[in-house]
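Visitor:
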Amino acid sequence: MTTRHAITAGFVPLLDSALLVVAREMGFAEEQAIDLTLLRERSWASIRDRLAVRHIDVAHILGPMPIACNLGLNVPAPDMIVPMALGLGGNAVTVSSALWQAMADNGAKADLDARVNGAALRRVIDRRAGPPLRFGVVHPYSGHNYELRYWLAASGINPDRDIEIAVLPPPDMGNALAEGVIDGYCAGEPWNSFGVLRRGGHLATVKAAIWRSSPEKVLGVDARWAKTNPEAMAALLVALQQASLWCSQPENHPALAALLAKPAFVGLDADLLLPALSGNLPVGGGVVQTVGDFFVPNAKAATFPWKSHALWFYTQMVRWRQIGHTADRQRIAAETYRPDIYRAALKDHGIAMPSASAKVEGALIVTTPVGSSGALTLGPDGFFDGGRFDPDDIDAYIASQSTG
Amino acid sequence: MKPSGLNVLVIDENRIRAAIIEDGLRDAGYDRVTVIDNMHGLARCIANRNPDVIVIDLENPNRDMLESMFQLSRAVKRPIAMFVDKSDEASIEAAVEAGVSAYIVDGLKQERVRPILKMAISRFNAFSRLSRELEETRGELENRKIVDRAKGLLMRSRGISEEEAYALLRRTAMNQNRKIVEIAQSLVTAASLLDPGGKE
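Residue numbers (this note's numbering), protein chains in the order written: chain A, 1 to 404; chain B, 1 to 200.
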């Protein structure tokens, strides 16, 4: 008789909660004898609090957040590990129609090119009189905050001096934009499609254009729970991996959008959920742009918890003065992500696996087959400014970072 | 209890619950209590009031914003999440369980804050209990209406008294090991299917 596992997972109603939702609703958890309970939360703070008091065992969580927790930046939190990522990409930068008009007057194009549109935004800011532009992000320790800042800084805009960045709940972003409280925001889906289709916003660029195949949400696990429940942990990774494959198949996208549209999950119309799945994004003014690798749930080792991803997030915490750099802290960040657990759980399931646990980010210009178990290709994974991140040379990368 | 002098800010989008907590705090001698129930101008309010303790409902979607404001705050009085030293896991658990989250200015002695948290937790719990009871009462009223309609149907179609109709429902429920309201609901549904235009 198989042992059954009871697992409670927290999630925030966003498109990339898909893997957890599908694992439960499409029977992948059940196949692994898991009773998966999903708890919907409205803030990352309450995800963290519920992990701390063991209301939940695992969570859909911002990639940098477990690192911040382990570094003592985000309390009260338990020690956390990340044994799996929940996909790559999925975010965008949406701006108000007024700001888009100004950017377009300065050369911005609807093709979402990060370099051209970043330069246009810089010209708008250079010529602007009055209070600085305000941008919203979802959390200080988020991919959104770091990729927005990366894009701005590489475009010659100082994110702390030339504009203002404020934290807002994603569901409030579209309204804040329409009311003129903010001029733009970087958020996950469906909140960009919502801003464009329901609140008159315009996409400026996307995460996939700033840094293609870049990390976003992960499975954050209470380390205490993982230690005492290794079998349940492994079973969950298998269920989530199968869910990720299901999510990646285009023929399932309409059903996935309909599933996520239910009030128990994301609770927004399916037409706002389909763009991220298909990669055909409404950019504003009725124009639809096809974006390669906009959101990648399964391909390109999208669920692999790369240590280089953890370390890049860490360098951004240092860059934006959330923490000072020490060798110890760097080690804590790298050890938060656990590819060893991922490998052990999935090795007997015929899943293509990278042979390394860290890689030079931004090194692949084209899709590249990699030496691994099974057929696996990675990339392209370039930063829009041609930047490269070598996880073996953190000190040099940190030293080379400017703040814009 | 003599006034503690602590400056307490309560943030709760539920006005009734906010009022209940405010009353509790005032009764306990905290006379510097501010309540806000909408998030517009939150930053300005905090800057003006400079609270020692902030109590906010755990489910409030603006907590990430609130925490980021504290992080950026250049003020001397910088609020931090309560019980960050993990010395008091039972309190954290009771708070999360009740749906209370709190922030205190760094350096403030936890003994001074504990009564506030205790108060908030007990009032949050009392509020949930009230809401639950209200839900149950509403449910009971609904159920009674359904049973009354089923009794009416039986009385008319079989020419029996109200007592006999109720006894029949109860006997059927017992025989089928179901609730009376479930039997009544089946009857009402069946009647409306058989005679969609008819009045019961």
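Virtual Cβ for every residue (Gly too), placed ideally from N, Cα, C.
(1) So if I threshold CB-CB distances at 7 Å, which residues from the stretch 18 to 44 of chain B count as touching chain A?
(2) Quick one: grab the DSSP three-state call for Trp312 of chain A.
(3) State the Cα-Cα distance for the pair Ala98 of chain A and Leu197 of chain A, rounded to the nearest angstrom.
(4) List, in chain order, every chain B residue whose beta-carbon is nearer than 7 Å to that of Ser213 of chain A.
(5) Considering only the beta carbon of each residue, do Leu273 of chain A and Leu260 of chain A sit closer than 9 Å?
(6) What are the boundary residues of the alpha helix (DSSP H) that Leu169 of chain B is part of?
(7) Can you tell me the Cβ-Cβ gap for Arg49 of chain B and Thr34 of chain B, rounded? I've got them flagged as a contact below 8 Å.
(8) Whose C-beta lies closer than 7 Å to the C-beta of Thr416 of chain A among residues of the same chain, with five residues either side of it excluded?
(9) Determine the direct distance from the alpha carbon of Pro115 of chain B to that of Ala95 of chain B, and round the result to whole angstroms.
(10) Assuming contact is defined by CB atoms lying nearer than 9 Å, are Glu164 of chain B and Leu153 of chain B in contact in what I supplied?
(11) Relative to the alpha-carbon of Gly5 of chain B, which residue among B:Leu66, B:Asn125, B:Arg26 and B:Asp12 has its alpha-carbon at the smallest distance?
(12) So Gly90 of chain A and Phe295 of chain A are in contact, right, with Cβ under 8 Å, and what is the actual spacing, rounded?
(13) Let me know the secondary structure DSSP gives Thr403 of chain A once reduced to three states.
(14) Is the closest heavy atom of the ligand FMN to the C-beta of Ser161 of chain B under 8 Å?
(15) Kindly indicate which three-state DSSP category Ser155 of chain A falls into: helix, strand or coil?
(16) Look at the Cβ atom of His325 of chain A, then the Cβ atom of Val318 of chain A, and state whether they are nearer than 9 Å.
(17) Quick check on the burial criterion: 16 or more other C-beta atoms within 10 angstroms. Buried or exposed for Met174 of chain B?
(18) Mind listing the chain A neighbours of Glu136 of chain B? Cutoff is C-beta to C-beta under 9 Å, in chain order.
(19) Can you list the residues of chain A that Ala98 of chain B reaches, using a CB-CB cut of under 8 Å?
(20) By Cβ distance, which residues of its chain are closer than 7 Å to Ser186 of chain B, with the 5 residues on each side in sequence left out?
(21) Using DSSP bridges, identify the partner residues of Ser101 of chain B.
(22) If we cut at 9 Å on Cβ distances, does Glu41 of chain A have a partner in chain B?
(23) Flag this pair as touching only if the stretch 130 to 140 of chain B and the stretch 49 to 62 of chain B have three or more C-beta atom pairs under 8 Å; answer yes or no.
(24) Around the Cβ of Ala42 of chain A, are there at least 16 other Cβ atoms within 10 angstroms (buried) or fewer (exposed)?
(25) Do the stretch 6 to 20 of chain A and the stretch 236 to 250 of chain A meet, that is, are 3 or more Cβ pairs less than 8 Å apart?
(26) Does the stretch 32 to 48 of chain A come into contact with the stretch 10 to 17 of chain A, if we say contact requires no fewer than three beta-carbon pairs (one atom in each stretch) closer than 8 Å?
(27) Given this structure, state the Cα-to-Cα distance separating Leu256 of chain A from Gly267 of chain A, to the nearest angstrom.
(28) What three-state label does DSSP hand Gln330 of chain A in the structure shown?
(29) Which residue's Cα is closest to the Cα of Ala358 of chain A: A:Ala327, A:Ala345, A:Ser46 and A:Trp312?
(30) Am I right that Asp106 of chain B and Ile80 of chain B are in contact with their C-beta atoms under 8 Å? What's the rounded C-beta distance?
(31) In angstroms, rounded to a whole number, what distance separates the CA positions of Asp111 of chain A and Glu136 of chain B?
(32) When you check each C-beta in the stretch 91 to 116 of chain B against every C-beta of chain A, which residues fall closer than 7 Å?
(33) Name the DSSP bridge partner or partners of Asp35 of chain A?
(34) Quick one, which of A:Gly184, A:Asp126, A:Trp225 and A:Asn106 has its alpha-carbon nearest Val137 of chain A's?
(35) List the residues that DSSP assigns as beta-bridge partners of Met84 of chain A.
(36) Just how far apart, CA to CA, sit Gly386 of chain A and Asp271 of chain A?
Guide: According to the structure shown:
(1) Those residues of the stretch 18 to 44 of chain B that come within reach of chain A (Cβ to Cβ, closer than 7 Å) do not exist; the list is empty.
(2) Three-state result, Trp312 of chain A: helix.
(3) In a straight line, the C-alpha of Ala98 of chain A is about 16 Å away from that of Leu197 of chain A.
(4) Within 7 Å Cβ-Cβ: nothing; Ser213 of chain A doesn't reach chain B, min ~26 Å.
(5) Against a cut-off of 9 Å, the Cβ pair of Leu260 of chain A and Leu273 of chain A comes out as a contact.
(6) Membership of Leu169 of chain B in the alpha helix (DSSP H) is indicated by the continuous run Glu162 to Gln176.
(7) 5 Å between Cβ atoms; contact.
(8) An answer regarding residue 416 of chain A cannot be provided, because it is not within the stretch 1 to 404 covered by chain A.
(9) Whole-angstrom Cα-Cα distance: 12 Å.
(10) Glu164 of chain B places its beta carbon 9 Å or farther from that of Leu153 of chain B.
(11) Taking only the C-alpha atoms, the option nearest Gly5 of chain B is B:Arg26.
(12) Right, the Cβ-Cβ distance comes to about 4 Å (below 8 Å), so this counts as a contact.
(13) Note: Thr403 of chain A maps to coil in three-state DSSP.
(14) Absence of the ligand FMN from the depicted structure is noted, as is the absence of any ligand whatsoever, leaving it without description.
(15) Looking at Ser155 of chain A - three-state DSSP - the assignment turns out to be coil, as it is neither helix nor strand.
(16) The answer is yes: Cβ separation under 9 Å.
(17) Label assigned to Met174 of chain B: exposed.
(18) Residues of chain A passing the Cβ test: none, with the nearest at roughly 23 Å.
(19) Ordered by position in chain A, no residue passes the 8 Å Cβ test against Ala98 of chain B, which lies about 11 Å from the chain.
(20) Closer than 7 Å at the Cβ level, and outside the excluded window around Ser186 of chain B, lies no residue.
(21) Residue pairing for Ser101 of chain B: DSSP places it in a beta bridge opposite B:Ile56.
(22) Between Glu41 of chain A and chain B, the shortest Cβ-Cβ separation is below 9 Å.
(23) The stretch 130 to 140 of chain B, when compared against the stretch 49 to 62 of chain B, does not touch it at the 8 Å Cβ threshold.
(24) The residue you asked about is not Ala; residue 42 of chain A is Arg in the sequence shown. Buried is the call here.
(25) Because the criterion of three Cβ pairs below 8 Å is met, the stretch 6 to 20 of chain A and the stretch 236 to 250 of chain A touch.
(26) With a cut-off of 8 Å on Cβ pairs, the stretch 32 to 48 of chain A is in contact with the stretch 10 to 17 of chain A, counting three or more such pairs.
(27) Rounded to whole angstroms, Leu256 of chain A to Gly267 of chain A spans 13 Å at the Cα level.
(28) In the structure shown, Gln330 of chain A falls within a helical segment according to DSSP collapsed to helix, strand and coil.
(29) Comparing Cα positions, the closest option is A:Trp312.
(30) That pair is a contact at about 5 Å.
(31) Distance between the alpha carbons of Asp111 of chain A and Glu136 of chain B is about 55 Å.
(32) Under the 7 Å Cβ criterion, the stretch 91 to 116 of chain B contributes Ile92, Glu93, Val96 and Ser101.
(33) For Asp35 of chain A, which the question treats as bridged, DSSP gives the partners A:Ala6.
(34) Ranking the options by Cα distance to Val137 of chain A, first place goes to A:Gly184.
(35) For Met84 of chain A, the pairing in a beta bridge is given by DSSP as A:Leu219.
(36) The alpha-carbon atoms of Gly386 of chain A and Asp271 of chain A are separated by roughly 34 Å.
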